[in-house]
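Accompanying notes for the structure given below.
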Amino acid sequence: MASVPEIFQSMEYGPAPEAAGPALEWLQGHGRRFGLFIGGRWTEPGSETFETLNPATAKPLAALTQASPAEVDRAVKAARKAQPNWWAIGGHGRARYLYALGRQVQKHSRLFAVLETLDNGKPIRESRDIDIPLVARHFYHHAGWAQLMQRELPGREPVGVIGQIIPWNFPLLMLSWKIAPALAMGNTVVLKPAEFTSLTALRFAELCQEIGLPPGVVNIITGDGRTGEALVTHPDVDKIAFTGSTEVGRIIRSATAGSGKKLSLELGGKSPFVVFSDADLDSVVEGVVDAIWFNQGQVCCAGSRILVQEGVSDRLVTKLKERMETLRVGDPLDKAVDMGAIIAPVQLEKIQGLVRKGEDEGAKLWQPSWSCPREGWFFPPTLFTEVSPAATIAQVEIFGPVVVLMTFRTPEEAVQLANNTRYGLAASVWTESINLALDVAPQLKAGTVWINCTNVFDAASGFGGYRESGFGREGGREGLREYVKWAPGRSGGQAVRRSGRNARRTAGSNSGRSHASTDRLTDRPSDRLPPIDRTPKLYIAGKQTRPDSGYSMAVLDARGQQLGEVGQGNRKDIRNAVEAAHKASGWARVTAHQRAQVLYYLAENLAARADEFARRLIGFGSTDAEAKREVALTVERTFSYAAWADKYDGAVHHTPFRNVTLAMPEPIGVMGVVAPAEWPLLSFVSTVLPGIAMGNTVVAIPSDLGPLLATDLYQVLDTSDLPGGVLNIVTGVRDELARVLAAHDDVDGIWYFGNQETSAEVERLSAGNMKRTWVDLGERRDWSDAQVGEGEEFLEQATQVKNIWIPYGE
Ligand code: NAI
11 MASVPEIFQS MEYGPAPEAA GPALEWLQGH GRRFGLFIGG RWTEPGSETF ETLNPATAKP
71 LAALTQASPA EVDRAVKAAR KAQPNWWAIG GHGRARYLYA LGRQVQKHSR LFAVLETLDN
131 GKPIRESRDI DIPLVARHFY HHAGWAQLMQ RELPGREPVG VIGQIIPWNF PLLMLSWKIA
191 PALAMGNTVV LKPAEFTSLT ALRFAELCQE IGLPPGVVNI ITGDGRTGEA LVTHPDVDKI
251 AFTGSTEVGR IIRSATAGSG KKLSLELGGK SPFVVFSDAD LDSVVEGVVD AIWFNQGQVC
311 CAGSRILVQE GVSDRLVTKL KERMETLRVG DPLDKAVDMG AIIAPVQLEK IQGLVRKGED
371 EGAKLWQPSW SCPREGWFFP PTLFTEVSPA ATIAQVEIFG PVVVLMTFRT PEEAVQLANN
431 TRYGLAASVW TESINLALDV APQLKAGTVW INCTNVFDAA SGFGGYRESG FGREGGREGL
491 REYVKWAPGR SGGQAVRRSG RNARRTAGSN SGRSHASTDR LTDRPSDRLP PIDRTPKLYI
551 AGKQTRPDSG YSMAVLDARG QQLGEVGQGN RKDIRNAVEA AHKASGWARV TAHQRAQVLY
611 YLAENLAARA DEFARRLIGF GSTDAEAKRE VALTVERTFS YAAWADKYDG AVHHTPFRNV
671 TLAMPEPIGV MGVVAPAEWP LLSFVSTVLP GIAMGNTVVA IPSDLGPLLA TDLYQVLDTS
731 DLPGGVLNIV TGVRDELARV LAAHDDVDGI WYFGNQETSA EVERLSAGNM KRTWVDLGER
791 RDWSDAQVGE GEEFLEQATQ VKNIWIPYGE
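Just so we're aligned: 278 in this note's numbering is position 268 of the sequence shown, and the numbers increase by one with no gaps anywhere.
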C-alpha cells in the first residue's frame, strides 16, 4: 500500500462522478425530441431532425429540429410583433424579467451545468464553476443596464429584431452574452444555437416560459448553417450578432452587405501568451493550463502561442511538461477531471491534421506519457517547441489543446511576434514589472489584454476583437452600443433624409441664378482677370503629389461649367496613401493634448482663409450667406473635434476579481474616409477629423464637388503642424477609389457616405480583412446640425475598445 507522502506525490484520485440523472430525466421527459421555441410556444419536432451527441461517449442524447426558412420567418415575425411592447414596458420592467432569468439560471444551475457537460464534453468543473455562474452574472448585470438605460444612454433606442448565431464551445454562456444585452436595450431576439450543442438553449427557452417572459421576446430555433443562413438573410432582421469561425463571419459580412443590418462578429484568434524572464514561472504554468487546456483549447481567445523570453524558456518548458503529465483527461462528468472531450469527430480530425502538419513542418511535439480514453473523442494536451513564426501551427487557429512555444529576446521582439497574426482577440502578459506590462499592453493588437492572468471574463468588461477577430464588443458599457441606435435627431447620430438645401445641392440644381451677380465675394476686379493656373494635386505623406495616372479630371459646377481640374488618382495612388498613413502611425502615440492643439491650429488657419473657402463654395452654387455659414460651421466643427480629442475617455470596469479592468478606446489604425457630397467643406472636415482626433491616420477621398475644396484644404494642413501622412487626400472618381480602399488589406476601417449600391459594395469588399465599416446606404444627414453631424457616434466609429485587466488589491 502507498504511504501518505507517496499518495501526495502521485496525486492519484478515485473517480468522483457527478450524477447525470436529473439531466437525463429532463431529456426523457421530452421524449428526447425537441421542436422550436417560437412566439412563446413549442412547435412539434419537425420533419427534418438531427441528433445531438455526447462527445464523451459518442452516443446520441436527443433529436433536434432543423428549422426551415419558413420557421425562421415565423420566429422573426414573432420577435417583430413582440418588440414594441417589450420596449414600451420600460427599463424597469425589462430589468425585472432579466433579473428573474438570472435567478432561474442560478436556481437550476446544476441541471444546466450537467446538461452542458453532457452535450459539449467540457469538464463539469468548468461548466459548474465558470460557465453557468457567468451566465447568471450576465443576466444580473444587464438587468442593471435595463434599469439604467434611460439615464445612462439618453437619445438611444433599440435596434429592433436581432438574429443571433452562436458556436458550440460555450453554449449557454454565449447565449447569455447575446440575449442579455439585447433584451436589456429593448430588442427582441431569434437565437440559433450551434447544431452540436442546443440543449441548454432549449432548457433556457423553458425558463423564459417559466418566468412569464412575453411571447416572442426570445425565440430559439435549432438547426445547422442553413438555418443560420436563413436568419442572416431574412429581410426583417435588423441586426446579426455572430460568434464563430472567421470563415463563416466572412460569409455573413458579405451576405449582409448593403442590407442596412447592423452587424457584430466575434471570430477566431491565435492569442499570444507573453512570458518575460522576471515572471513567476509557477503562476505562468497554471496560466498556461487555463490559457490552452481550459475547455480543451476550444476557446476563441485561447492563449495558443506561448512567447517566452529566451533566458527562461528551458525552465518553463521543463515545468510545463511536469504539469502536463499531471493533467487528467477523461469523463467530463468526473469532478476531478481537468480536460474533457473534443466536440465532434470533425473537430478532432482537424486538430489531428494540424498536429501532423506541425510535425511535418519540423516542429517538435511533446505529449504526456498517459493515453486518453478510447470511447468518445479525446485529444491529449500537446506542446510544440522549435516552431518557426511562419509555421502553419503558429498562424492557424487550431481550436484544440495544442500550444506552440516560441522565444524572443527583447520586449520589442515580443510585441512584434505577438502581433504577427491576422487575428487580434486577446493577449496575456506575464511579468513582475508593472512598468513593463503597462508598456507592452497598449502595443498589443488585441481587444483584451490580461496581465498576469488569462481567460477571465465578466459581464462588466467588453470582449471582442481587433482585425480579423471581428468587430463589436460584448459586455461592459461598450457592449451595449451593439444593441442600440441613435433616436432620430438626437446627439451624434441618425441619418436624416435628404431635405431642403441639401437636396438642392446634391441634385446639383442651381437653376436660375446668375453666377456673378449674387456672389458679392467674387465680384472683385481681380476676378475679371484670367486666373493664375492652379494645379491641384493629390496630398500624400504631407506632400502635394502628381497622380500616377498622369490624368486630370474636370470638376463641373451644377450647370456643367468647369470649375477646375483635379488629379485623377488610381489604385497606385491609394496604395501610396495607405502606406503613408501607416508610416504616420506615430500619431496614435502623440498625446491627446497635442492632437487637440494641432486641430485648434487647423481651425485657426481655416478661419484665416475663410473668404477663400467661401468663394469656392459660391462657385459651387451657394449664396454668399450660405457659403459664409458653411465656413463658420466648419471652423466650429474643427473646434469640436479639438475639444473631443482629450475628452473621449474610456472607463474602469469593476470586474469582480482581484483586478481592475481598464476599457481604453484606441484608434482603429488606418481609416479610409469617402466623404459625402452635401456641404462639401463641412462634411469633409466632419468625416475626416473624428478619426484624426482619436489618433487614426486617414486616407480621404473627397466627394465629386469636394476635390477642389479638399485640395484647397491641404494648403491649410501644410501650415497647421499636422504631421505628414496623418491625412492623405486622393482625388479621382470617387466610388471607384472607394472600392479600391474597401478591398485594401492594410486599411483597418472605412467610412463611406454616398449611394446605396457602393455602400453595399464597400461592406462586401471589406470582408477580405474584416475591416470595420460605416456606410450610410444613401441616407443623407444634415451636416449643419451638430445633433447629427458630429459627436459620439463618430467617435465610437473611429475607435475600438481594448480592455486591460490589471491585478489590483486583495
Ligand atoms: P462555425 O462558424 O461554422 O459555426 C458557428 C455557428 O454558425 C453555428 O451556429 C453554425 O450553425 C452557424 N453557421 C454555419 N454556417 C453558417 C452560415 N453560412 N450562415 C449563418 N450561420 C452559419 O463553426 P464550426 O463549424 O462549428 O467550427 C469550425 C471552426 O471554427 C472550428 O474548428 C474552430 O476553429 C472555429 N470556431 C471558432 C469559434 C470562436 O469562438 N472563435 C467558435 C466555434 C468554432
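We put the CB at the ideal spot given by N, CA and C, even for glycine.
Length of the line joining the Cα atoms of S471 and S438: Against the sequence shown, residue 471 aligns to sequence position 461. Against the sequence shown, residue 438 aligns to sequence position 428. Each residue's alpha carbon lies about 16 Å from the other.
Where the beta strand (DSSP E) through K91 begins and ends: By 1-based counting over the sequence shown, the position of residue 91 is 81. It is not in any beta strand (DSSP E) - K91 instead sits in the alpha helix (DSSP H) that spans 79-98.
DSSP beta-bridge partners of W784: Within the sequence shown, the letter at position 774 stands for residue 784. The partner list for W784 (beta bridge, DSSP) reads W761.
Coarse secondary structure for K374, derived from DSSP in three states: Indexing the sequence shown from 1 puts residue 374 at position 364. Strand.
Three-state secondary structure assigned by DSSP to D348: Here the question's residue 348 lines up with position 338 in the sequence shown. Residue state, collapsed to three classes: coil.
Proximity of A720 and I739 at Cβ, strictly below 9 Å: In the sequence shown, residue 720 corresponds to position 710, counting from 1. In the sequence shown, residue 739 corresponds to position 729, counting from 1. A contact, by the Cβ cut-off of 9 Å.
L34 CB to nearest heavy atom of ligand 1 below 8 Å: Here residue 34 refers to the residue found at position 24 when the sequence shown is read from its first residue. Every heavy atom of ligand 1 is 8 Å or more from the Cβ of L34, so no.
Pairwise C-alpha distance: A436 and D656: Here residue 656 is taken as the residue at index 646 of the sequence shown, counted from 1. Here residue 436 is taken as the residue at index 426 of the sequence shown, counted from 1. Between D656 and A436, the C-alpha separation is close to 26 Å.
CA nearest to the CA of F467, picked from L775, F667, A265: Start at 1 with the first residue of the sequence shown, and residue 467 comes out as number 457. Closest by alpha carbon: F667.
Length of the line joining the Cα atoms of D755 and K781: Position 745 of the sequence shown, counting from 1, holds the residue named residue 755. Position 771 of the sequence shown, counting from 1, holds the residue named residue 781. The straight-line gap from Cα to Cα measures roughly 8 Å.
P79 CB to nearest heavy atom of ligand 1 below 8 Å: By 1-based counting over the sequence shown, the position of residue 79 is 69. No, Cβ of P79 sits at least 8 Å from all heavy atoms of ligand 1.
Run of the alpha helix (DSSP H) containing P677, from where it starts to where it stops: Start at 1 with the first residue of the sequence shown, and residue 677 comes out as number 667. Element bounds for P677: not the alpha helix (DSSP H) but the beta strand (DSSP E), 669-677.
Any non-hydrogen atom of ligand 1 within 8 Å of Q229 CB: By one-based count along the sequence shown, residue 229 stands at place 219. The sequence given here places Asn at residue 229; Gln does not occur at that position. Incorrect: N229 has no Cβ contact closer than 8 Å to ligand 1.
Expected contact under 8 Å - CB spacing of L277 and G480 to nearest Å: Numbered from 1 along the sequence shown, position 267 holds the residue referred to as residue 277. Numbered from 1 along the sequence shown, position 470 holds the residue referred to as residue 480. L277 to G480, Cβ: 4 Å. Contact.
Cross-strand partners of P817 (DSSP beta bridge): Taking the first residue of the sequence shown as 1, we reach residue 817 at position 807. Partner(s): N669.
Backbone CA spacing between R605 and A777 [nearest angstrom]: Taking the sequence shown and counting its residues from 1, one reaches residue 605 at position 595. Taking the sequence shown and counting its residues from 1, one reaches residue 777 at position 767. Near 31 Å, if we compare the C-alpha coordinates of A777 and R605.
W380, buried or exposed, once every other Cβ within 10 Å from all chains shown has been counted against 16: The residue you call residue 380 lines up with position 370 of the sequence shown. Exposed, because fewer than 16 other Cβ atoms sit within 10 Å of the Cβ of W380.
Under the three-state DSSP convention, the category I48 falls into: As a working note, residue 48 is residue 38 in the sequence shown. Of the three classes helix, strand and coil, the one that applies to I48 here is strand, per DSSP.
Range covered by the alpha helix (DSSP H) that runs through K188: In the sequence shown, residue 188 corresponds to position 178, counting from 1. For K188, the enclosing alpha helix (DSSP H) stretches over residues 181-194.
Span of the beta strand (DSSP E) around V662: The residue you call residue 662 lines up with position 652 of the sequence shown. Its beta strand (DSSP E) spans residues 661-663.
Beta strand (DSSP E) segment containing Y610, residue limits: Within the sequence shown, the letter at position 600 stands for residue 610. Taken as a continuous stretch (DSSP letters only), Y610 belongs to no beta strand (DSSP E), being part of the alpha helix (DSSP H) at 602-618.
Contact check, V494 vs R791, beta carbons under 9 Å: Mapped onto the sequence shown, residue 494 falls at position 484. Mapped onto the sequence shown, residue 791 falls at position 781. Cβ atoms of V494 and R791: not closer than 9 Å.
Assigned exposure category for N512 - 16 Cβ within 10 Å defines buried: Position 502 of the sequence shown holds residue 512. For N512, the predicted structure reports a pLDDT of 34, less than 50, and the residue's modelled location is therefore unreliable. A value from the coordinates is still provided. N512 is classed as buried because its beta carbon has at least 16 other beta carbons within 10 Å across all chains shown.
Rounded C-alpha distance that separates G759 from T783: Taking the first residue of the sequence shown as 1, we reach residue 759 at position 749. Taking the first residue of the sequence shown as 1, we reach residue 783 at position 773. Distance between the alpha carbons of G759 and T783: 6 Å.
At least 3 beta-carbon pairs within less than 8 Å: the stretch 563-580 vs the stretch 725-743: Here the stretch 563-580 lies against the stretch 725-743, with 3 or more beta-carbon pairs under 8 Å apart.
Span of the alpha helix (DSSP H), counted from its first residue to its last, around W654: Translated into the one-based positions of the sequence shown, residue 654 becomes position 644. Here the alpha helix (DSSP H) through W654 covers 634-655.
Counted within 10 angstroms of its Cβ, other Cβ atoms place A770 as buried (16 or more) or exposed: Counting from one through the sequence shown, the residue named residue 770 turns up at place 760. Under this definition A770 is a buried residue.
Classification of E800 by the beta-carbon crowding that lies within 10 angstroms, buried from 16 upward: Position 790 of the sequence shown holds residue 800. Counting Cβ neighbours within 10 Å, E800 comes out buried, since at least 16 surround it.
A26 versus T601 - alpha carbon distance: Here residue 26 refers to the residue found at position 16 when the sequence shown is read from its first residue. Here residue 601 refers to the residue found at position 591 when the sequence shown is read from its first residue. Those two C-alpha atoms are separated by around 57 Å.
Straight-line gap, G788 to E81 (C-alpha atoms, nearest Å): Mapped onto the sequence shown, residue 788 falls at position 778. Mapped onto the sequence shown, residue 81 falls at position 71. Whole-angstrom Cα-Cα distance: 32 Å.
D288 versus T243: straight-line alpha-carbon distance, rounded: Numbered from its first residue, the sequence shown carries residue 288 at position 278. Numbered from its first residue, the sequence shown carries residue 243 at position 233. So the two alpha carbons sit approximately 52 Å from each other.
Through-space distance from R585 to T266, alpha-carbon basis: For the purposes of this step, residue 266 is taken as the residue at position 256 of the sequence shown. For the purposes of this step, residue 585 is taken as the residue at position 575 of the sequence shown. Distance between the alpha carbons of T266 and R585: 27 Å.
Endpoints, alpha helix (DSSP H) assigned at R161: Here residue 161 refers to the residue found at position 151 of the sequence shown. Annotation for R161: the continuous alpha helix (DSSP H) segment containing it runs 142-162.
Where S13 falls, given that 16 or more other Cβ within 10 Å makes a residue buried: The count along the sequence shown starts at 1 and reaches residue 13 at position 3. Here S13 is exposed, its C-beta having fewer than 16 other C-beta atoms within 10 Å.
Candidates A404, D246, E802, F473: closest to F394 by CA position: Numbered from 1 along the sequence shown, position 384 holds the residue referred to as residue 394. Looking at the Cα atoms, A404 is the closest of the given residues.
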